[in-house]
Amino acid sequence: MCGIAGILRVDGTPVRAEEIDAMTRSIAHRGPDDHGALVEDGFGMGMRRLSIIDLSAAGHQPMFNEDRSVAVVFNGEIYNHRDFRSRLEAGGHVFAGNSDTEILVHGYEQLGIHELATRLAGMFAFALYDRRRRKLFLVRDGFGIKPLYLRRGAQQLSFASELRALAFDGQGKPSIDPSFAHTFLRIGHIPSPNTAFAGITKLAPGTVLEIDVATGASSSHRFYKLTPARNACSSACASC
Numbered sequence: 088m089c090g091i092a093g094i095l096r097v098d099g100t101p102v103r104a105e106e107i108d109a110m111t112r113s114i115a116h117r118g119p120d121d122h123g124a125l126v127e128d129g130f131g132m133g134m135r136r137l138s139i140i141d142l143s144a145a146g147h148q149p150m151f152n153e154d155r156s157v158a159v160v161f162n163g164e165i166y167n168h169r170d171f172r173s174r175l176e177a178g179g180h181v182f183a184g185n186s187d188t189e190i191l192v193h194g195y196e197q198l199g200i201h202e203l204a205t206r207l208a209g210m211f212a213f214a215l216y217d218r219r220r221r222k223l224f225l226v227r228d229g230f231g232i233k234p235l236y237l238r239r240g241a242q243q244l245s246f247a248s249e250l251r252a253l254a255f256d257g258q259g260k261p262s263i264d265p266s267f268a269h270t271f272l273r274i275g276h277i278p279s280p281n282t283a284f285a286g287i288t289k290l291a292p293g294t295v296l297e298i299d300v301a302t303g304a305s306s307s308h309r310f311y312k313l314t315p316a317r318n319a320c321s322s323a324c325a326s327c
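Counting along the sequence shown from 1, when you hit position 72 you're at 159 in our numbering, and nothing is skipped either side.
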């Protein structure tokens, strides 16, 4: 199952390794086999791993490219990773292990984030950090199978696979947003991308959220949208 979490601060306050550890420890049930973190200045991300593909240490996350300029934490499974790997290896990329996670860092190098996201077949939520460009990308699969929660403040963005991890991001415990009480009582759930908690949303399915690590400025791009099939009624059908 795995779980990821992270914090980005743009007010000069450093992220502490203990904060990332507390966030990932709260979702340790998602990944009892391994854990790891990357923390530098105002940014940190970590994960808990359930080892399924490549059980060796080569599957450890955060996972890096060859020169460690790109790092990723990943929850999910990429179904077409073998074919993708073959194409990337033909392009000169060198893989350290057999994990499907590794195609994300090399695929990003080769294609950029938007083309990479478009070509992935699977269920996934991941955070990819370009250390040279100082860009953070948060990506969720087209059907939204894997969750990714976001907590936004004036000077901080936090993300996690589960809501409970956001209680450890230094911003206090999430509070219920009373404005959604009527919606919940009327239809029995909170429509996505909203949640029942103030300031917390879900990353929309099939979306790349790009964040400038220096300023916190962000933009989103939808790379997948399910389009209903056209009505196949014949021209003789008067009711169409």
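Beta carbons are placed, not taken as given, at the ideal position from N, Cα and C, and that holds for glycine.
Problem set entry | Exposed unless 16 or more other CB atoms sit within 10 angstroms - verdict on S262 | exposed
Exercise. Just reading off the beta strand (DSSP E) that G131 is part of, what are its end residues?
Worked result: F130 to R136
For this session: Enumerate in chain order the residues of its own chain whose CB-to-CB distance from S321 is below 6 Å, with the five nearest sequence positions on each side excluded.
Result: Its pLDDT being 45, under 50, S321 is placed unreliably by the model, and the measurement read from it follows with that caveat. Result list for S321: empty, nothing under 6 Å.
Exercise. Applying the criterion that 16 or more other CB atoms from any shown protein chain within 10 Å of the CB defines a buried residue, is E176 buried or exposed?
Worked result: Exposed, since its Cβ has fewer than 16 Cβ neighbours within 10 Å.
For this session: Following the continuous alpha helix (DSSP H) through A251, name the residue where it begins and the one where it ends.
Result: For clarity, residue 251 is Arg in the given sequence; the question names Ala instead. Taken as a continuous stretch (DSSP letters only), R251 belongs to no alpha helix (DSSP H), as it is neither H nor E.
Exercise. Between which two residues does the beta strand (DSSP E) carrying I48 extend?
Worked result: Missing from the structure shown is residue 48; the chain here goes from 88 to 327 and no further.
For this session: Would you list the residues sitting across from V157 in a DSSP beta bridge?
Result: D217
For this session: Report the three-state DSSP secondary structure of P101 (helix, strand or coil).
Result: Taken through DSSP and simplified to helix, strand or coil, P101 comes out as coil.
Exercise. To the nearest angstrom, how far is it from the Cα of C89 to the Cα of D299?
Worked result: If I take the Cα positions, the gap works out to 26 Å.
Exercise. Are at least three pairs of beta-carbons, each pair with one atom in the region 272 to 284 and one in the region 109 to 120, less than 8 Å apart?
Worked result: no
Exercise. Based on the DSSP output, what are the partners of Q243 in its beta bridges?
Worked result: R96
For this session: Could you name the residues of the same chain whose beta carbon sits closer than 8 Å to that of G99, not counting the 5 residues immediately before and after it, in chain order?
Result: G129
Problem set entry | R219 and S156 closer than 8 Å at C-beta | Their beta carbons are under 8 Å apart, which means R219 touches S156 by this criterion.
Exercise. Should T294 go down as buried or exposed, given a rule of 16 or more other Cβ atoms within 10 Å for buried?
Worked result: buried
For this session: Please work out which residues of its chain come closer than 6 Å, Cβ to Cβ, to I140, disregarding the five sequence neighbours upstream and downstream, and give them in chain order.
Result: S186 and D187
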